[in-house]
Structure formats: structure tokens, C-alpha cells
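Residue numbers (this note's numbering): 2 to 155.
Every residue, glycine too, gets a C-beta built ideally from N, C-alpha and C.
The structure presented is a predicted model; accordingly, all values stated were derived computationally and were not measured.
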């Protein structure tokens, strides 16, 4: 007998209604709100079309948002946002739509994932190589310590 390939709901969806936590709407607007990822769910199933049912199960379990990494189709993101009523989160990938397009489609949060860190590491490595070669133009042109700290002042 082979292993079933039928999609399974997220674990939170199988809880009995009496034990299922609920999240009041006021919690969803706070800085710390429960968000569930649909990535594992989407990999086991037929793709983004399962994000809406999974999102509904997550919402019923108390989630306020749904993170669907890899989904950048504007129509599909809009459908997931409308069908679930959750704040939909998208992650940047090469060729991603512009942030404004994502916002118009219904995306509430746009993540760079780990994409920014390698850019910073590359710049640091380049600066270190230039420094060791006696070329300090890049470092001289960068933000000084005070200007850098001012970026974090409120």
C-alpha cells in the first residue's frame, strides 16, 4: 500500500472547536500577532490554490496573517487575501512584482527573507579586500559613525 498524497490540513485545524484558540480582532492589529506559514502546506499539495483552505484553517485556529513564500502571482495573492480575510505576507524573489503592485493585490507584508544579508556581506567583503589592498575610497565615502547612528534615531 502506498503512502497517501492527499493534502492534510495544518495541525491546528484538527483541534476540537472547544480547544481551538481564537484571536480577537484587536490582537491582529498589534505588533505581535500570530502568523502562520503556508509553505510546507503548499509544497505537499497542488500549489497556491490550497493556500486559501489552509489559510482559513489557520484563521480559525487564531492566526492573523498568512505567509506564502514563493507565491508572487498578483491575481493568486489577491485571491488568497480575499478568500481568507487574513493579512497576506509575500517574500521577495528575483523577478518579483514591485511593492506597490503587491500592496494593490492585497499583500500586507513584504519580506526580503535573507536576501539583504548576502548583499551586506558582499559589500563588507569587497570593502575588506579594498582595505587590504590600500584602497580606502569606499570606506571614506560611506556613512560615518554619527550619521549611521542617526538613521536609528526616532
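| query | result |
| --- | --- |
| DSSP beta-bridge partners for residue 92? | 112 |
| Less than 8 Å between the beta carbons of residue 131 and residue 121, yes or no? | no |
| My output table needs one value for residue 74: the three-state DSSP class, helix, strand or coil. | coil |
| Between the alpha carbons of residue 147 and residue 153, how many angstroms are there, rounded? | 10 Å |
| If you draw a straight line from the C-alpha of residue 112 to the C-alpha of residue 142, how long is it? | 29 Å |
| Suppose you measure from the CA of residue 89 to the CA of residue 70; what does that come to, to the nearest Å? | 10 Å |
| Among the candidates 56, 75, 65 and 127, whose CA atom is the shortest distance from the CA of residue 107? | 75 |
| Name the residue from 64, 144, 134 and 150 whose alpha carbon lies nearest to the alpha carbon of residue 86. | 64 |
| Cα-Cα, which of 55, 99, 126 and 95 is closest to residue 116? | 95 |
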